[in-house]
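Participant:
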Amino acid sequence: MNLKKQAHDLTYRIENNFFLTVIRRSLTMMIPFVLVGGFACAFINLPFIDYGSELSDGALGTLYSIFIFIYNGTFGLFSLALVIVITVSYCIEKNESPDKAAMYVIVALGAYGAQLNIGTSGFNFESLGVKSSFSAIFIALLSCFLYERLKRITAFSLKKYVSGMDVMCANSISSLLPMTFVVGVAVLINLLLHSFFGVKSVHELFSNLSCALFAHVHNRFFSGLLYTFLLHFFWSLGFHGSNLMEPIAQSIFSDVAADTVFSKSFFDTYIVMGGCGTTICVLLLLLLFFRKTRLGNLSKIAVFPVVFNLNEVLTFGIPIVLNPVMVIPFISTPVILYCIAYAATASELVPGLITTVPWSTPILVSGYIATGSVRGVLLQLFLVATGMAIYYPFIRLNKRMQEISAHKRLDTLVEALKRCEQETEPPQFLSRIDSLGMISRVLLDDLKDAIKDDTLFMLYQPQFDADGRCIGAEALLRWNHSLYGWIYPPLIIYLAKEGGVLQQLEEKIIDMVARSISRTASRYDGDFKISFNITGKSLLWDIESCIDNALKKYSIPAERMWIEITEQDVISKSDEVVGTLRRLKAKGHTLLIDDFGMGHTSLLYLQSGFFGVVKLDGSLVRNIVHSETNRNIVDSIVALGNKLGIKVIAEFVETQEEVDVLHSLGCCWYQGYLYSKPVSFEQFVSYLCRTNEEPSGT
């Protein structure tokens, strides 16, 4: 068990490494960019359309030109766009403000441009495209890393010169020396590469090293095996493997010949079906076995691209790239399928390839065209079935690991929220741009959907009197998120308040509580009540009408619907709020003060005359057995309540000793785990019926 936990922790640390997170998030941002260019490329290379016959002025010629422009406008600037998104992603992780993030982008672009050899014979426009993605990632990360550290140095930031300047101007001037240094480092790297290795870029260095490996492999089978492995190894690290290996594909594996088994077209036909990593296997598994999960939703979006062997939605959306779990089948599946396809072709079970097929040709179509035989199609189907068997356990494991990672990220957010609660600081998560901000905004969007789709629900914590009779319950909001699991209730309220959906949320809560009261009354004819929580902000919208409508809708009396407001949630003294409280009380609702202490706000609430019940703050109850101070405070609250005609409920009651002390002090209503945890509606009704039929002591 410890070993399993250690493996999970190690996987989590690898997956959440800062630089890997930056790269993975950047590649995810590039999905629309890549897909638009990929679709254009797919349509350019459709095997059943001949653009050539009408390239001059026909309709197909115009369409062809449009696709070319789209392709060049996307893939032609891929590396440049990648520099920008990596820099932005870096700034997001560092929670940098937009004005400072802009300077990071400028510095990174300057560094990348400086090593492109612009204006010399070494410059090629292909350096701006997909070909140089490795260089783009390397230079962007290096630039951000250096710039971040240099701007901390006082001598580099020119702080004494920018005092009093406009913010944007100050940021620009402060970036002058750090940018000069970073750009100089990029140029120096290029000069060193040229001097020591005779290459003009990091990309060229890697390509040359890869080619050098193949110079020592003379067996065609092992050459193809090495090519398959290296290409997917590079892809798994986030680098464009196809472009890094392009020189090898063109020089060694370009031709389709009768006496040749492995070629680039062989690779495209049998190995990268659905894209690199044979991800059509992943797509089919998600559609068949995981369609009700988040991954299932992702697969529906990926269907059309994967048909044309464009798998960025899956590789960056799951993600597979830089994923310590999925990298195993991502590399091993193509390698195993390569061996099977090679053996089937070499043994003549399947005809050899007779023609070159464009990489974007859909599976089955490519198998038939490439071999001129249905046996090519059957081999593809067998390979896909084999790949699915390999991928399946890893997808299940990855789903579990994603859930663990999501829970840990949620725990971090909840801990930050609790710190804000303890320090009485207003949380600002939704306005942040780092991981906490992103998960907050994701949860807010999902909360809006949960309100709309009725996936929120209530649990009920029964309340008891001194004779052990259930007198009612507090309705507690719960949300079981499909990925993050159970959401901390105060986080739900924070998101609703700051996200502008508090009214919609409370309308839903009021309706659920009113319905529960109606259902309870149909099964239990005794006296009971159900309470629910609102915030001070709730009284600023027309919650009164919402409550009235719910009472009419379910034909229930106001006396059975109690309304709680937290002591720390300061209520406005505006005439509108005071009027709302007065009318709610007049209609028969009992108003409760939750988490009641002896603070100034608490006494003001009692003085208002609106509240009929107080619920003792949990910190008073938890230590009441051993703390004389707590006993004296509770004694005073109960005595004051008796004089004002206010009942007292003790929350967080967990031991019989606490009940005995509270009872001796005059507090006779209890709520806590000694009696029951929050339970379903059915369990609450069961408590209500059972304890009131046969009263018994606790």
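The opening residue of the sequence shown carries number 933 in my numbering; numbering runs sequentially from there. Backbone N, C-alpha and C fix where the C-beta goes; we use that ideal spot for every residue, glycine too.
Within a Cβ cutoff of 6 Å, which residues of the same chain sit near Y1044, ignoring the five residues on either side of it in sequence?
Facilitator: Cβ neighbours of Y1044 beyond the five flanking positions: V1015 and I1071.
Participant: CA-CA distance, Q1312 and L1375?
Facilitator: Looking at the two C-alpha atoms, the distance is approximately 41 Å.
Participant: Could you check what DSSP says for A1040 in three-state terms: helix, strand or coil?
Facilitator: It is helical.
Participant: Check whether the Cβ atoms of F1129 and G1061 lie closer than 9 Å to each other.
Facilitator: Going by C-beta atoms, F1129 is not nearer than 9 Å to G1061.
Participant: How long is the line joining the alpha carbons of K1484 and P1030, rounded to whole angstroms?
Facilitator: If I take the Cα positions, the gap works out to 50 Å.
Participant: Would you say L1125 and V1131 are within 9 Å of each other, going by their C-beta atoms?
Facilitator: Against a cut-off of 9 Å, the Cβ pair of V1131 and L1125 comes out as a contact.
Participant: For R956, does the count of other Cβ atoms within 10 angstroms reach 16, so buried, or fall short, so exposed?
Facilitator: It counts as buried.
Participant: Using the beta-carbon count (16 or more within 10 Å), is S988 buried or exposed?
Facilitator: Residue confidence is low: S988 scores 47 on pLDDT, short of 50, so the model does not pin down where it sits. Its coordinate-derived value is still stated next. By the 10 Å Cβ count, S988 comes out exposed.
Participant: If you scan the stretch 1098-1125 from start to end, which runs of the alpha helix (DSSP H) of 4 or more residues do you find wholly inside it?
Facilitator: Qualifying alpha helix (DSSP H) stretches, in chain order: 1099-1106.
Participant: Excluding the 5 residues preceding and the 5 following I1371 in the sequence, name in chain order all residues of the same chain whose CB lies nearer than 6 Å to its CB.
Facilitator: Same-chain partners within the cutoff: R1341 and L1345.
Participant: For a quick check, are the C-beta atoms of L1427 and L1379 less than 9 Å apart?
Facilitator: It is a contact, given that the beta carbons lie within the stated cut-off.
Participant: Could you tell me the distance, in whole angstroms, from the CA atom of L1396 to the CA atom of E1625?
Facilitator: The sequence shown places Phe at residue 1396, not Leu. Computed Cα separation, rounded: 14 Å.
Participant: Would the beta-carbon of V1617 fall within 9 Å of that of E1583?
Facilitator: Against a cut-off of 9 Å, the Cβ pair of E1583 and V1617 comes out as no contact.
Participant: Looking only at its own chain, which residues have a Cβ that is under 6 Å from the Cβ of C1023, when we skip the five neighbours before and after it?
Facilitator: Here the set comprises A1033 and Y1036.
Participant: Have a look at V1239, H1172, C1352 and V1509 and flag the residue whose alpha-carbon is nearest the alpha-carbon of M1138.
Facilitator: Residue 1138 is actually Phe in this sequence, not Met. Per the Cα distances, H1172.
Participant: Can you tell me whether H1148 is buried or exposed? The criterion is at least 16 other CB atoms within 10 Å of its CB, across all chains shown.
Facilitator: Under this definition H1148 is an exposed residue.
Participant: Determine whether the beta carbon atoms of S1075 and A1144 lie at a separation below 9 Å.
Facilitator: Not a contact, by the Cβ cut-off of 9 Å.
Participant: Quick check on Y1392: does DSSP put it in helix, strand or coil?
Facilitator: Here Y1392 sits in strand by DSSP.
Participant: For S1608 and V1566, what's the separation of their Cα atoms in angstroms?
Facilitator: One C-alpha to the other measures close to 23 Å.
Participant: Could you check the C-alpha separation between T1019 and D1480 for me, to the nearest Å?
Facilitator: Computed Cα separation, rounded: 53 Å.
Participant: How about I1497 and Y1392: are their beta carbons less than 9 Å apart?
Facilitator: Contact flag unset, no.
Participant: Helix, strand or coil: which one does DSSP assign to K1579?
Facilitator: Correct three-state label for K1579: strand.
Participant: With a CB to CB cut of under 7 Å and the five nearest residues on each side skipped, what residues in its chain are close to F951?
Facilitator: Closer than 7 Å at the Cβ level, and outside the excluded window around F951, lie L1073.
Participant: What residue range does the beta strand (DSSP E) around T1303 cover?
Facilitator: Segment V1297 to T1303 is the alpha helix (DSSP H) holding T1303; no beta strand (DSSP E) there.
Participant: What does a CB cutoff of less than 6 Å around K1224 pick up in its chain, not counting 5 residues either side in sequence?
Facilitator: Around K1224: no qualifying Cβ.
Participant: Measuring alpha carbon to alpha carbon, tell me which of L1437, C1599 and K1579 ends up nearest D1385.
Facilitator: Of the candidates L1437, C1599 and K1579, the one whose C-alpha sits nearest the C-alpha of D1385 is L1437.
Participant: Would A875 and V1445 qualify as a contact pair, given that the criterion is a beta-carbon distance under 9 Å?
Facilitator: Residue coverage of the chain in this structure runs from 933 to 1630, which leaves residue 875 outside it and unanswerable.
Participant: Going by DSSP, name the residue or residues bridged to Y1602.
Facilitator: Beta-bridge pairing links Y1602 to F1396 and A1582.
Participant: Taking the alpha-carbon of K1026 as reference, which of E1508, D1549, Y1079 and N1243 has the nearest alpha-carbon?
Facilitator: Comparing Cα-Cα distances from K1026 to each of E1508, D1549, Y1079 and N1243, the minimum goes to Y1079.
Participant: Roughly how many whole angstroms lie between the Cα atoms of E1590 and G1550?
Facilitator: Roughly 12 Å separates the two Cα atoms.
Participant: Excluding sequence positions up to five away, which residues of its chain have a Cβ less than 6 Å from the Cβ of S1231?
Facilitator: These residues qualify, in order along the chain: L1215, L1218 and L1219.
Participant: Tell me the rounded alpha-carbon separation between S1363 and G1573.
Facilitator: When rounded, the distance between both Cα atoms is 42 Å.
Participant: Which residue spans inside the stretch 1526-1571 form an unbroken beta strand (DSSP E) run of at least 3?
Facilitator: Those beta strand (DSSP E) runs which fall completely within the stretch 1526-1571 and span 3+ residues are 1545-1548.
Participant: Along the chain, where does the beta strand (DSSP E) containing F1464 start, and where does it finish?
Facilitator: Element bounds for F1464: K1461 to I1466.
Participant: What is the DSSP secondary structure of G1319, counted as helix, strand or coil?
Facilitator: Looking at G1319 - three-state DSSP - the assignment turns out to be helix.
Participant: Tell me which residue opens and which closes the alpha helix (DSSP H) that T953 is part of.
Facilitator: T953 -> alpha helix (DSSP H) spans F950 to M961.
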